[in-house]
Amino acid sequence: MAEEVEMTGMVYGGDGFGRLADGRAVFVPFVLPGERVLVDLVEEKRGHARGRLKTILRASPERIAPRCAHYGVCGGCHYQHMPYEAQLRVKENIVREQFVRIAGVSDPPMRPIQPSPQAWYYRNTVQFHLDEQGKPGYQETGSHRVVPISECHLPQEILSQTWPLLDLEPLPGLERILLRAGAGDELLLALEGSGEAMPEFSVDFPLSAAYLGPTGAMVLAGDDGLMFEVLEKSFRVSAGSFFQVNTAQAGAMVQHLLERLPLGEETTLLDVYCGVGLFSAFMAPRVRRCVGIELSESACDDYAANLDACDNVELYVGAAEHVLPALDLKADVVLVDPPRAGLERAALDAIVALAPATLAYVSCDPSTLARDVKRLIAAGYELKEVKPFDLFPQTYHVECVTILCR
66 MAEEVEMTGM VYGGDGFGRL ADGRAVFVPF VLPGERVLVD LVEEKRGHAR GRLKTILRAS
126 PERIAPRCAH YGVCGGCHYQ HMPYEAQLRV KENIVREQFV RIAGVSDPPM RPIQPSPQAW
186 YYRNTVQFHL DEQGKPGYQE TGSHRVVPIS ECHLPQEILS QTWPLLDLEP LPGLERILLR
246 AGAGDELLLA LEGSGEAMPE FSVDFPLSAA YLGPTGAMVL AGDDGLMFEV LEKSFRVSAG
306 SFFQVNTAQA GAMVQHLLER LPLGEETTLL DVYCGVGLFS AFMAPRVRRC VGIELSESAC
366 DDYAANLDAC DNVELYVGAA EHVLPALDLK ADVVLVDPPR AGLERAALDA IVALAPATLA
426 YVSCDPSTLA RDVKRLIAAG YELKEVKPFD LFPQTYHVEC VTILCR
């Protein structure tokens, strides 16, 4: 039986928030605050429930028609039913709420969110799952079922022109495909699978291709990497290496950090989860010593290539929680850019033991960021500022650059 609910807010994860007649919180995707809706309850707990939108009884004046035919079925987008200005407002409010609720900071020092220069067609990388016929698609909302797609408005234009041309056999063990566009619209196709044998491959248009299997990357055509350009610096990024999907916003984050961090000729900088060297490449020329830590071997190879011109750089290959406790150095500035799960407790404790005067935390998950900031505040750090960056328009994801001082 459907429940009638007044939606009162938005929460991290893309859902709207309201209360059932019995007082329990209910979380519903694809709604807006101020809307009155009928929902079917799909999951019920003692204190809360999850609902599926059935009917909009009273729509918000901000509601707009989604651009994509797959919206609401494909799990990739969450905010296409609201204007971009409203998406930015929601994300900024959610970041603030996470710091209040999780970090216990009653008045977080928030700076305005940095909008993406493009709200559509901004992704330099797109990852597809394959259906049983080998057709590229995305996973369905709330499941692992692959939804074949005929359109997507998030990849850059060159990617949107290319991915419909892909014709792949549904090979055993082939799990995902990744398509990337680098500088000059150069293209890279990465096939990810669990089989050790290299798949047969042919292509009738120019692109590089690699197979990412259990033994590493194997080149199928061209090169196994691409060049990206950020603020007039070139970066080599291998097929198996991570790189920010919104190139313009990656540059905006770099610029923000260069303006905020006390980098000088006597500074020792520690860049943890340094990846291919996006931040180190700009900061190493400004400091006495730059030390990177990275687990991914392909990213480490890229880091070495991208920082080759700097003779004040060191790189440790390994997990941050293993490398940091063994480091014997005095770091003035520590920059961390961990995965979505945030800092491992051993890594956080080791950073506190190093006692840097300034700590910059780049995060793609405001909830784990707020959790870690709470621990850092308890260890003697002061939260100076939080700056959200919208790297992922049309989705609930939001990047934050946070500065703390001892």
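Counted from 1, the sequence shown has number 76 at position 11 by my numbering; the numbering is strictly sequential.
Where is the CB? At the ideal position from N, CA and C, for every residue including glycine.
In this text the structure is predicted, and so the values were computed from the model without any measurement.
Identify every residue that forms a DSSP beta bridge with residue i.
i, result
"P213", "G202"
"D80", "P94"
"E464", "F454"
"A406", "DSSP lists no partner for A406."
"R188", "P220"
"R241", "H194 and E257"
"T73", "Note: T73 sits in no beta bridge, so no partner."
"I121", "V102"
"C470", "T423 and E447"
"E108", "R115"
"C139", "Y136 and E205"
"V310", "BP columns for V310 are empty, so no partner."
"V399", "L335 and L424"
Could you check what DSSP says for residue i in three-state terms: helix, strand or coil?
i, result
"P229", "helix"
"I178", "coil"
"C365", "helix"
"A315", "helix"
"H113", "strand"
"L456", "coil"
"E222", "helix"
"A248", "helix"
"I129", "coil"
"H194", "strand"
"L394", "coil"
"L372", "coil"
"L322", "helix"
"R351", "helix"
"R89", "coil"
"A472", "Lying outside 66 to 471, the shown extent of the chain, residue 472 is not represented and no answer is given."
Quick one: is residue i buried, meaning 16 or more other Cβ sit within 10 Å of its Cβ, or exposed?
i, result
"G316", "buried"
"I129", "exposed"
"Q145", "buried"
"T312", "buried"
"Q198", "exposed"
"T73", "exposed"
"S303", "buried"
"G88", "exposed"
"L394", "exposed"
"P404", "exposed"
"H321", "buried"
"E297", "exposed"
"H209", "exposed"
"R301", "buried"
"G238", "exposed"
"E150", "exposed"
Quick one: give me the first and last residue of the alpha helix (DSSP H) that residue i is part of.
i, result
"I159", "Y149 to Q163"
"M66", "Run containing M66: none; DSSP gives neither H nor E here."
"K439", "P431 to A443"
"L413", "R410 to L419"
"H387", "A385 to V388"
"A275", "Premise fails: A275 lies in the beta strand (DSSP E), S273 to G278, not in any alpha helix (DSSP H)."
"F347", "S345 to M348"
Along the chain, where does the beta strand (DSSP E) containing residue i start, and where does it finish?
i, result
"K298", "K298 to S303"
"S428", "T423 to S428"
"F293", "G290 to V295"
"G281", "G281 to A286"
"E359", "R354 to E359"
"Y336", "One point to set straight first is that residue 336 is Asp, not Tyr, in the sequence displayed. Note, D336: beta strand (DSSP E), T333 to V337."
"E379", "V378 to V382"
If I'm right that residue i touches residue j with Cβ under 8 Å, what's the distance once you round it to whole angstroms?
i, j, result
"A255", "L243", "4 Å"
"Y426", "V401", "5 Å"
"F307", "A364", "7 Å"
"F92", "V107", "Actually they are not in contact, since the Cβ atoms of F92 and V107 sit about 10 Å apart, beyond 8 Å."
"A274", "V268", "7 Å"
"A351", "N377", "According to the sequence as given, residue 351 is Arg; it is not Ala. Not confirmed; about 10 Å, so no contact."
"M318", "F454", "6 Å"
"A168", "A435", "4 Å"
"L97", "E69", "Rounded, the Cβ-Cβ distance is 16 Å, inconsistent with contact."
"Y423", "V388", "One point to set straight first is that residue 423 is Thr, not Tyr, in the sequence displayed. Actually they do not touch by this definition, with Cβ atoms about 20 Å apart."
"G278", "E261", "6 Å"
"K452", "C470", "No, K452 and C470 are not in contact; Cβ-Cβ is about 15 Å, not under 8 Å."
Would you say the beta carbon of residue i is closer than 7 Å to some non-hydrogen atom of the ligand SAM?
i, result
"R436", "In the structure on display, the ligand SAM does not appear, and there are no ligands present to speak of."
Determine, using beta carbons only, whether residue i comes closer than 8 Å to chain D.
i, result
"H113", "Judged by its chain identifiers, the structure shown contains no chain D, having just a single protein chain."
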